[in-house]
Structures are given as structure tokens and as C-alpha cells.
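Numbering (this note's numbering), first residue to last: 60 to 312.
Where a beta carbon is used, it is the ideal one built from N, C-alpha and C, also for glycine.
Every value quoted in this text rests on a predicted model; they were computed, and no experiment measured them.
A short worksheet on the structure shown next.
This is the structure we're talking about:
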């Protein structure tokens, strides 16, 4: 009778040799931290930073869309105003900090929340009216944006700016009458073409970020043109829409 140690059906454990390598699962276990043992190259870091930042931004946007867009607009308005003042010839120490603060607040409590609500309302409205998604549905969206939301946004900005500057109701009303029609006309220089992409290509939650990026480029171009023409600091300037307005009344979008 054979003992368990000498049983005929007991096979010895094969040794791990060069001719008998570990299974893939063991190899994966042994190499799980292999990438941590070396430093990332500058190329890898440069490739990862934008992706990681974008992923972080979209995660925060999903969790708190309204607050994220408000902070995004506040940042964009602040950057835009600093760029304009810099192009006007002001050094960092000469910047009008009150004007920067007004721009920041206008984006934080005005443009950001209003745009968040508008893009969702616009999408829901046209989905119901048009009965679905069509390749041409961006056309009526752009028309309504330019004729309805654009004037409302700029009037709201004038009112908000007037309140922050402690202007009288008559001053605010005068500014509204003087700028509303020119703004509607001047927006035709750029924004209809931009919003063809906004409503035709860009996803809903990223539309405001796209518009913000264009605004920074647009205001930088306008400020550069003004500086090249030799305008004085206190002279009228063009706003983001191309309209010439007093410096303290620069209108966004």
C-alpha cells in the first residue's frame, strides 16, 4: 500500500526556470509598480498635465455646473480686463483694481449664472419646438441668441456695472439707451460665426467655456488694435463686441 507521500497520482511542483517562466498573471503582479520606479519624462508630463486638468475640470463641472461656470466667467473677465488695461499701456502696478473687481463680479454673479441657465433653456425649448435634433437646428439657435439673449446679457451687465459704480438710475438708463442698438449691430462682426460652432459642435456643458476662450482672444485683438492706433488711456475704446464705449463701461460679449 502506497503512503500519501509516495502515491502514484502525486506529481511534483515544477520548478520556475528560464524554460518554464511565470504565468502572465504572476508577471503582471510582479510588474504592477514598474512605472513608479522611474521618473516621468518631460514629454510625458507635458502630455499628462492638460489631460489631467481637463478631467479635473469636467469632474467639478459635473458636480457643480452653476458654480463652476460662475467661477470660470469670473476668471475670464478678470483676465480679459487685465489684458485690456495692459494693452492700454498700464503696468501691473498701475492697473485699476476696482475695474478688475467689477469685471470679476460681473462674471461671477452675472454672465456666468445667466449663461448657464440660457444654454439649458435654449436647448430644452428648441428640442420641444423642433421635435428632435437636426443638422440645421443651430441656425435658429444662433438667431435667437443674438436677438434675445445678447441684448438681455448686455443690459444686465450695464445695470450691474452701474450699481457697483453707484450710478444714478438716470445714468444707467442713459447708458442702456446709448449702447443697446450699437451692441446688437456690432455683435454681427464675430459672434454669429462663433455661435455656429457653439450650437452646432460644442457639447452643452462646454459651450460657455468655448465662448470664454473666444472672448479672451477677441478682447486681446481689439486692445492690441487700440494700442497700435496710439489711443490714450482715458479715451474711448472698443469692447468685446467692437463698439466704442467709455473705458469704465466696457461691455462683455
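Counting C-beta atoms within 10 angstroms of its own C-beta, residue 267 has 16 or more neighbours from the protein chains shown and is therefore classed as buried.
In the structure shown, residue 193 adopts coil according to DSSP, grouped into three states. Contact between residue 196 and residue 184 does not hold, since the beta-carbon distance rounds to 11 Å and is not under 8 Å. By the CB criterion at 8 Å, residue 164 and residue 223 fall inside the cutoff. Going by DSSP, residue 213 is part of the alpha helix (DSSP H) stretching over 209-223.
Per the coordinates, the alpha-carbon of residue 122 lies some 12 Å from the alpha-carbon of residue 264. Every unbroken stretch of the alpha helix (DSSP H) spanning 4 or more residues and falling wholly within the segment 110-175 is given here in chain order: 124-146 and 156-165. Counting C-beta atoms within 10 angstroms of its own C-beta, residue 193 has fewer than 16 neighbours from the protein chains shown and is therefore classed as exposed. Comparing alpha carbon positions, the residue from 103, 204, 198 and 237 closest to residue 217 is 237. Looking at 246, 200, 115 and 220, the one whose alpha-carbon comes closest to that of residue 177 is 200. When the alpha-carbon of residue 243 is set against those of 259, 261 and 210, the nearest one is in 210. Look at residue 250 here: in three-state DSSP terms it is helix. Closest by C-alpha distance to residue 206, out of 141, 131, 219 and 246, is 246. DSSP places residue 234 inside the alpha helix (DSSP H), whose first and last residues are 228-245.
Closest by C-alpha distance to residue 239, out of 220, 250, 212 and 138, is 212.
When DSSP states are grouped into helix, strand and coil, residue 261 belongs to the coil group.
Judged by pairs of C-beta atoms under 8 Å, the segment 98-117 does not touch the segment 142-153, as fewer than three such pairs exist.
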